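First the structure, in the form of structure tokens, and then the observations on it.
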Amino acid sequence: MKKELANKNETLVKVLFIICMVLCILGYVSSPVALVGGFLFTYFLGHPFLTLNSKAVNWLLKIAVVGLGFGMNLKETLAAGKDGFILTIFSISATLILGYFLGKLLKMDRKGSHLISSGTAICGGSAIAAVAPVINASEKDISISLGVIFLLNSIALIVFPPLGHLFGLSQHEFGLWCAIAIHDTSSVVGAAYTFGEEALKVATTVKLARALWIIPLSILSVFLFKGKGKSVKIPYFIFLFILAIIMNSYLAIPAVITGSITNISKSLLVLTLFLIGAGLSIDKIKSAGWKPMILGVSLWVFISISSILVIISL
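With our numbering, letter number 223 in the sequence shown gets 213, and the count goes up by one each step, no holes.
Structure (structure tokens):
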């Protein structure tokens, strides 16, 4: 009897989870609500597809980002990338240097502090995943770093759009700020999507151009930690995103097709954010500890404040 009841409850949770996913895809849920809703669902009911969550997030995000390329023009994209280039170099360099000294001040493990600094400087979990193998980081260091970055990403997705309106930022300024100051691509695109269409285009372009810095960062990490013989993971989907922009700019693709692809991609993004929220647990937050959290928050506050001051003054 108990076994049958447990099976029924498990089936019900799966059905409810799928219904939530469908609501995200159909556009009934906003980006911040999807993220928080995913977290609350798992907290109260559990995650019925936890083993598939990470892979689903990884693939859905890549598909969504590539699809967004069909809504962009090459000339506008290059202009946005040019605006963010100098700011990108400054923010990455400053964040890595500050992270090194703060890590020493907090007496943190060098590899752990480097992972958090890398994730803050470039693109969150993707940078951590790329750098971790080349520095031989432990599973604990990787887990803690991802936990810190993941939590701050979730907060950023919710607080950045209201702050953008409060500061009176334009669409272009807000998109640029998101790309520089928010860690993961998913949260960058989610926050920008909430703010407006132009902000979404600018944020996506600058963030993906920024993500290419994973390659030189990984190579630098090899020398810093003497991890010889380690391969560097290249985010190849970025090149598909660029190809989509070129196709949309120079091929006579009917607007109804490119528009549909873009709308579907936005829906997939909201679904991705729901799954990201569902993958966040209290245990992950607690496992981070106070030193990594202090480092992560300090770097995040630094890059957020310094970048917005530079953007406003441009």
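For each residue, glycine too, the CB sits at the ideal point set by N, CA and C. Keep in mind the model is a prediction, meaning the values are calculated, not measured.
Out of I8, F75, S128, I118, the CA that lies nearest to the CA of D99 is found in S128.
When the beta-carbon positions are compared, G158 and L25 stay at least 9 Å from each other. Annotated as proximal: K197 and T175, with beta-carbon spacing under 9 Å. Considering only W280, S288, L304, the residue with the shortest C-alpha distance to F91 is S288.
Contact annotation: S303 and S81 have beta-carbon atoms that are not nearer than 9 Å. CA-CA distance, K97 to D273, rounds to 24 Å.
Going by beta carbons, L207 and H173 fall outside the 9 Å limit.
Counting along the chain, the unbroken alpha helix (DSSP H) around A169 starts and ends at 161 to 171. About 7 Å separates the beta carbon of T184 from that of P22, a gap short enough to meet the 8 Å contact definition.
Residue state for W203 is assigned as coil, using DSSP reduced to three classes. In the pairwise beta carbon analysis, the stretch 43 to 57 is classified as touching the stretch 257 to 264: at least three pairs are separated by under 8 Å.
Going by C-alpha positions, S108 is about 6 Å away from A117. Residues H104, S108, V121, V124, I125, G217 of the same chain have their beta carbon placed closer than 8 Å to that of S211, with the five preceding and five following residues left out of the count. Taken through DSSP and simplified to helix, strand or coil, L2 comes out as helix. Residue state for G57 is assigned as helix, using DSSP reduced to three classes.
Between L40 and V3, the alpha-carbon positions lie close to 12 Å from each other. Between V149 and I106 a beta carbon distance of about 20 Å is seen, past the 8 Å cut, so the two are scored as non-contacting. In chain order, Q161 place their CB closer than 7 Å to the CB of G186, counting only its own chain and leaving out the 5 sequence neighbours on each side.
Shortest Cα-Cα distance from N253 to any of N43, I301, V56 involves V56. A direct Cα-Cα distance of roughly 9 Å separates S177 from A169.
A check of alpha carbon separations from A193 across G59, K45, G27, I15 identifies G59 as the nearest.
If you draw a straight line from the Cα of G165 to the Cα of Y18, it is about 24 Å long. Taking each of H155, E0, L263 in turn and checking the Cα distance to F140, the smallest one comes out for L263.
When the alpha-carbon of T195 is set against those of F231, I132, F213, I204, the nearest one is in F231. Looking from the CA of A46, the closest CA among G269, S294, V300 belongs to G269. For N253, the enclosing alpha helix (DSSP H) stretches over residues 245 to 268. A check of alpha carbon separations from N63 across T248, G115, L77 identifies T248 as the nearest. In this structure, the CA atom of W280 is about 34 Å from the CA atom of A189. In the three-state reduction of the DSSP assignment, P22 falls in the helix class, which pools H, G and I.
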